[in-house]
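As structure tokens, the structure follows; a few thoughts come after it.
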Amino acid sequence: MKLRGIITFLPILFAGICTISVGGFIWIYFGTVVCDAENKCISNWSEFLKLEPNNVGDTFAGLAGLLAFVWLVSAVILQHLDIQQQRSEMKEQSKATRAMAESMKAQIFETTFFELLSMHSQIVQSITLQNSETGMRTEGRDCFRVFYTRITKTYRSKIEKGHTKKDSLDMAYRDFWKDNQLKLGHYFRFLYNIFKYLDENDKVSTHHSKLLRSQLSNQELLVLFYNCLSIDGQPFKEYAEKFELFDNLPTVRLLEKEHVTLLNKRSFGNNPMRTYSDLRHNINKGKEANP
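Put into structure tokens, the structure is as follows:
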């Protein structure tokens, strides 16, 4: 700012020096006394006054025009510098406004995201199941343990009836969805829209997707996995791949170990995708290390 003030002052300084220089020149010139051979002395000012009035006027007009030109140039330069300063200030103000808008946008995103997480948790807690035979009541995330048990039993039943694994899986989830869509429809739609909100927002980071995934229990992930394989769950597959939804999926608990191949590998992120064979191998290896 100090440098800008110095630069702004330079045109005025230049014009002032020119004015003083011209004034000094006039003072010195007209104050000079000239003597002739007869030792008669007369000042230039006296000689100047003997000129025709028109000549005197032209001389002063020329000097005044020169000074006016100098001050005009200085004024133009000052105006140019002022315009540049205004433009610079407007750019800075625009940057500050954009930064404030981005900050507000980020705050709104964060607030909305955590509100969605809270609402998702409320939806999960609102799910209730009651066993018609025992009257036992199950609530919240525990319901997903019951849901996955139902899928498992239906699938095994289809296999025992001689259906292929592919057909058994299709029929098992279709029957499961037919019986439980009233309980799970809102849950799936809301979770899908949270992922959609993340996908459509430029403020999202891996932190947000990890935080959302951390809200899902193992049983929820298992039910979501088979939902993605169903016709109704196809739209969810895109977000499963993009946000590595099944990074924490307990693959050892899948209905069949080969089911991991039914979704794109991107859906599993860094999931080691262990099977029962891997667990048995680790157990045997531990026994050999500790005989």
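Residues in the sequence shown are numbered from 89 upward in steps of one, following the working numbering.
All residues carry an ideal CB built from backbone N, CA and C; glycine is no exception.
Distance, residue j Cα to residue i Cα
| i | j | result |
| --- | --- | --- |
| L312 | R301 | 12 Å |
| Y236 | T185 | 51 Å |
| I105 | A194 | 55 Å |
| I371 | L343 | Annotation note: pLDDT 42 at I371 (below 50); position unreliable, no value reported. |
| E190 | F283 | 21 Å |
| L367 | K345 | Note that L367 has pLDDT 45, beneath the 50 cutoff, so the model's placement of it is unreliable and the number below is only indicative. Straight-line Cα distance between these residues: approximately 13 Å. |
| C231 | T242 | 17 Å |
| A328 | K246 | 27 Å |
| L299 | F334 | 13 Å |
| G111 | A152 | 11 Å |
| I108 | I116 | 12 Å |
| V161 | H168 | 11 Å |
| M224 | Q218 | 5 Å |
| P141 | L154 | 20 Å |
| W159 | M178 | 28 Å |
| V157 | V164 | The identity of residue 157 in the sequence shown is Phe, whereas the question assumes Val. Whole-angstrom Cα-Cα distance: 10 Å. |
| H347 | E326 | 18 Å |
| F324 | C316 | 6 Å |
| R244 | K254 | 12 Å |
| Q174 | S182 | 12 Å |
| E248 | S256 | 9 Å |
| K353 | E180 | 47 Å |
| A187 | L166 | 31 Å |
| H251 | E221 | 29 Å |
| I171 | F102 | 20 Å |
CB of residue i within 8 Å of CB of residue j, strictly
| i | j | result |
| --- | --- | --- |
| L286 | S297 | yes |
| S355 | E332 | yes |
| L337 | L309 | yes |
| F197 | N281 | no |
| Q307 | R233 | yes |
| Q269 | H208 | no |
| T226 | T216 | yes |
| T339 | N358 | no |
Residue i - partner residues in DSSP beta bridges
| i | result |
| --- | --- |
| R277 | Answer is none; R277 lacks a bridge partner. |
| R225 | Q218 |
Among the options, nearest to residue i - alpha-carbon criterion
| i | options | result |
| --- | --- | --- |
| S276 | V348, S318 and T199 | Note on residue identity: the sequence assigns Phe, not Ser, to residue 276. It is S318 whose Cα lies nearest to the Cα of F276. |
| D263 | K271, G153, I239 and G357 | I239 |
| G228 | I211, E326, S293 and E180 | I211 |
| N272 | H295, G321 and V292 | It is worth fixing the name first, because residue 272 is Leu in this sequence and not Asn. Nearest of H295, G321 and V292 to L272, Cα basis: G321. |
| V292 | K330, S256 and Q174 | K330 |
| G150 | I114, K249, T120 and I171 | I114 |
| F202 | T349, K353 and H295 | H295 |
Report the start-end ranges of each alpha helix (DSSP H) in the segment 296-372 that is 4 residues or longer and not cut off at the edges.
Segments of the alpha helix (DSSP H) lying fully in the segment 296-372: 306-317 and 322-330.
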